[in-house]
Amino acid sequence: MWPRLLVHTVVILILMCCLTHQYAAEAAASGPASSQASGRPVFSGHAKFPTSLFESMYFMPKKPTAQPRSAVRRLDGTWFPDDLNNPTKLPQSAPPAERVLPPPLHGKHKVSALVHDLFNIAYQLFRPQNASHGLCDLCRTGLSTLQTITHLDPEGVPAVLTALCRTFQLLGKKDVADQCALTFSRDMYGGPIAQVMSYGNFSGRAPDATLVCAAVPFHFCEYPSEELSASFLHDWFHGSTEAPQHVVDRWHQQQEHARASFDASHMLRVLHVSDLHVDGRYMVGSESNCTFGETRYCCHSISANENYFHQPLTEGVVPRRNISAPAQYWGHYTCDAPWSLIGSAFEAIQHVGEQHAYDLGLFTGDLTVHDDLFRYSHDLVEYSARSLFDSLAKVLGDAPLMATLGNHDSSPENFYAPHAMPHGQAAQFNWDSRFMARLWREKGWIDEEAEKQARSHYACFSVSPRRGLRVISLNSDFWYYVNVFNYIHSTNPDFSGMLRFLTDELFKAEERGERVWILGHVLTGWTGAEALDKPANLFYQIVHRFAPHTIAAIFFGHTHQDHFSVFYRAQSGKSRDVSRHTHDAQVVSYVAPSITPLTNVNPSFRVYKVDPVTFDVYDYDQYYTSVDDFDALGPSQAPIWRFLYSARDTYGDLRASVHANKYHAPVSLDGTHWPRQAPLNASFWAALTDEMEARPELVTTFALLKSRLSSAASNCSDTQCREANICYMRSATPTQGRDCPAGHGSVV
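If you use mature numbering (1 follows the signal peptide of the UniProt record, and there is no 0), the sequence shown corresponds to residues -24 to -1, 1 to 724, in order.
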């Protein structure tokens, strides 16, 4: 999601706002697009829920007035309880004993005096006209104060966080159901924040403190430099900072052979789905236009619009007479995907695959629903993974699914701790990686070695699903700015060791002559709002070293939108210095759209056409269904899934840049069209950005497709929006994205 930040308070709240920033949408930059459910129908769907996807059902409604509830087994064979997803029985508190606190240290300060100082700093930060020091120094002083409090009394930190949250209305003007206390309890966010404050370096002008104070939207401090020195990169790549010539020659020969032997009928078909966000707690008829609580989501039994229902509920159901916009059976733009929509999507995916079988599947993260932060649990994450992966296995048949974790696929969401955490706290997320590793192995999607890697490397793995292709799956939480553990030893661009794992696997793939696809969830670039500078820059340098001869493509999700970013040749250890010229394009990252309609988008999935030898993408087809049609569906009707567009057909005509003498890609065109025997590689996507500069209306087309023609999305028809989007397409790191005009990256 692309969020807008809530009200924050000082220091500590800096960490806190990193956590809650994602729970509200950005304001629209321009007017709404018109409703247009266009495209060739490919699957009419069935009104009856596909119960064949599951072993058993807890509840199966006879009419579309309630959602089905599937019965799903844990890995040990026991059943997840029905109440886990009963829409009328929402969890009222965080599960106990899922988090741990750091041990206390001895000191001479009085905690009460320090808390008083902390609140004084918070007031100055949010009333800067009364500040006694520069805001950057004030922010860092606040962090140092909170760290001292944590060292003396870690057990008291959740209470301090709760008090700050209430005082400065972090979760909105109305503290619905005491969400501050529930969210910042030790078992939810209070414990991890206390760990970070204990183990990070927040003294004086320390880099950890400066980064935290820079990362909030108020930007109290300047960002620390992303630069990686030449000596660091020399050591990182073991002295081999450029690909050996024989590797480059081998790749060129492979490309020439692929062009000479091109046969469109031999292409592999690869399914790509992302951001399912199944909501088993979705309640048909509940409020879809809710306003109570900044982190509260709509379409739940307690969702309410304050203009129609004047008190927030902690439990129970808002009466139907007080509902302003009832949630439909098939879903809504402001809510995550109910099981009815997931079932329809999986049937459509299966139908498209029956015409031409899938050879491989990709899933780029986020299985679990968006919900109040304290309603997450190990059980909820594991249920979501088990039920969805079980279903996808049936949909894909013999084709393996390559998966990666999203930021919502842990509990608490957004967090993963590095192995270097002291006092045994490195193991606090092992349950998640071990569960996923075992589940993927059970499905036959990864081998024994990859299972061992996933268990010991944060659910990361490297596997070869086809001869000549290697898929490396990463846990992008380790560059996600919301993961508070990333603010410990932040000068180290790879404190987790994940990027070392990636680099070593790429060296092995290079030696074997394999092409590599990299999977992640949180993207590194676009507007620059999601990733931290140093790890994203190191990732960029790694891509430079191994693309395009080894890295063939990168696949992300997370934004719920359909877009891409081009990686260019790096001239130095600073990605911001990259020229971003088309002739320097190396590889592209595909950001896949979501199945969930949350954030005003239409549900969608993608099918790539891939060369079976080079594993380059030659085209992809995008499919979708329109949420605008859901209101009119009768009890015996279901969503219609449509073909939306082909990337090659939509973007392959480069006439404007050719006529303007601005075509710079190292590929000879077929007239003004990208040749059909050439892959849609980084040169193609970089050339497309040049074409958009020469033909600006193409950016508006891109923006419409980004939301899959959602009537709730904004247009991009003015010059500033168009220029910003072209800049985002050329940005694959945070520093590159922040150099673009802000405010135009989202469709909402």
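Glycine is no exception: its CB is placed at the ideal position from the N, C-alpha and C atoms.
Only counting runs of 4 or more residues, tell me where the alpha helix (DSSP H) segments fall wholly within the stretch 469 to 510, in order along the chain. 474 to 488
Status (buried if at least 16 other CB within 10 Å, exposed otherwise) for Thr54: exposed
Margin query: Bridge partners for Trp55 per DSSP, in chain order?
Written below: Arg49
Query raised in the report: What span of residues does the alpha helix (DSSP H) with Ala529 cover, start to end?
Result: Where Ala529 is concerned, there is no enclosing alpha helix (DSSP H), although the beta strand (DSSP E) it sits in stretches over Ile527 to Phe532.
Is the beta carbon of Ala375 less than 8 Å from the beta carbon of Asp423? no
Neighbourhood of Pro130 by C-beta distance below 6 Å, restricted to the same chain and skipping five residues each side: Leu77, Pro78, Pro80 and Ala170
- What does residue 726 pair with, by DSSP beta-bridge criteria? The chain is shown only over -24 to 724; residue 726 falls outside these bounds and no answer can be derived.
Next on the checklist: Buried or exposed for Phe35, going by 16 or more other Cβ atoms inside 10 Å?
Outcome noted: exposed
Exercise. State the DSSP-derived secondary structure class of Gln401, mapped to helix, strand or coil.
Key: helix
Please go through the stretch 332 to 360 and give each complete alpha helix (DSSP H) segment of 4 or more residues, from N-terminal end onward.
-> none
- prompt: Could you give the residue range of the alpha helix (DSSP H) that holds Ile125?
  reply: Leu111 to Leu128
Worksheet item: Should Asp480 be labelled buried (16 or more other beta-carbon atoms within 10 Å of its own) or exposed?
Response: exposed
(message) So, for Pro168: in the same chain, excluding its five sequence neighbours on each side, which residues have a beta-carbon less than 6 Å away from its beta-carbon?
(response) Phe391 and Val460
Q: For the beta strand (DSSP E) containing Gln562, list its first residue and its last residue.
A: Ala561 to Val567
Which two residues bound the contiguous alpha helix (DSSP H) that contains His635?
Arg631 to His635
* To do: Buried or exposed for Ala303, please, with buried defined as at least 16 other CB atoms from any protein chain shown within 10 angstroms of its CB.
  => buried
Quiz prompt | For Asp553: DSSP bridge partner residues | solution = DSSP output for Asp553 lists no bridge partner at all.
Please state the DSSP three-state secondary structure of Ile318.
helix
Starting from Arg410, trace the alpha helix (DSSP H) both ways and give me its first and last residue. Asn406 to Glu418
Discussion item. Please report the straight-line C-alpha distance between Thr526 and Val439, rounded to a whole angstrom.
Written reply: 15 Å
Per DSSP, which one or two residues make a beta bridge with Phe461? None, per the DSSP bridge assignment.
Is it buried or exposed for Pro469, if we count other Cβ within 10 angstroms and need 16 for buried? buried
*Going along the chain, which residues of its own chain have a beta-carbon closer than 8 Å to the beta-carbon of Gln547, five neighbours each way excluded?*
Asp553, Val554 and Ser555
How is Trp661 classed by DSSP in three states: helix, strand or coil?
helix
Original post:
Counting along the chain, where does the beta strand (DSSP E) carrying Thr379 start and finish?
Top reply: The amino acid occupying residue 379 in the given sequence is Ala; Thr does not appear at that position. That run of the beta strand (DSSP E) goes Leu377 to Ala379.
request  = Would you mind stating whether Gly341 and Gly473 have Cβ atoms separated by less than 8 Å?
outcome  = no
Can you give the beta carbon distance from Tyr599 to Phe581, rounded, assuming they're within the 8 Å contact cut? 6 Å
Fill in: Ile448 - DSSP class collapsed to helix/strand/coil
strand
Exercise. Determine the burial state of Asn657: buried for a count of at least 16 other Cβ atoms within 10 Å of its Cβ, exposed for fewer.
Key: buried
Fill in: Buried versus exposed call for Thr467 [16 or more other C-beta atoms within 10 Å across all chains shown]
exposed
* Alpha-carbon spacing of Asp239 relative to Asp595, whole angstroms -> 13 Å
Quiz item: When you compare each of Phe339, Leu482, Phe591 and Ala98 to Leu495 by their alpha carbons, which one comes out closest?
Solution: Phe339
Output yes or no for whether 8 Å exceeds the beta carbon distance between Ala350 and Leu574. Here the sequence assigns Phe to residue 350, which means Ala is not the residue at that position. Taking 8 Å as the Cβ cut-off, Phe350 and Leu574 do not qualify as a contacting pair.
What would DSSP say about Glu202, mapped onto helix, strand or coil? coil
Exercise. In chain order, which continuous runs of the alpha helix (DSSP H) of length 4 or greater are located wholly inside the stretch 160 to 219?
Worked result: 166 to 175, 183 to 191 and 206 to 212
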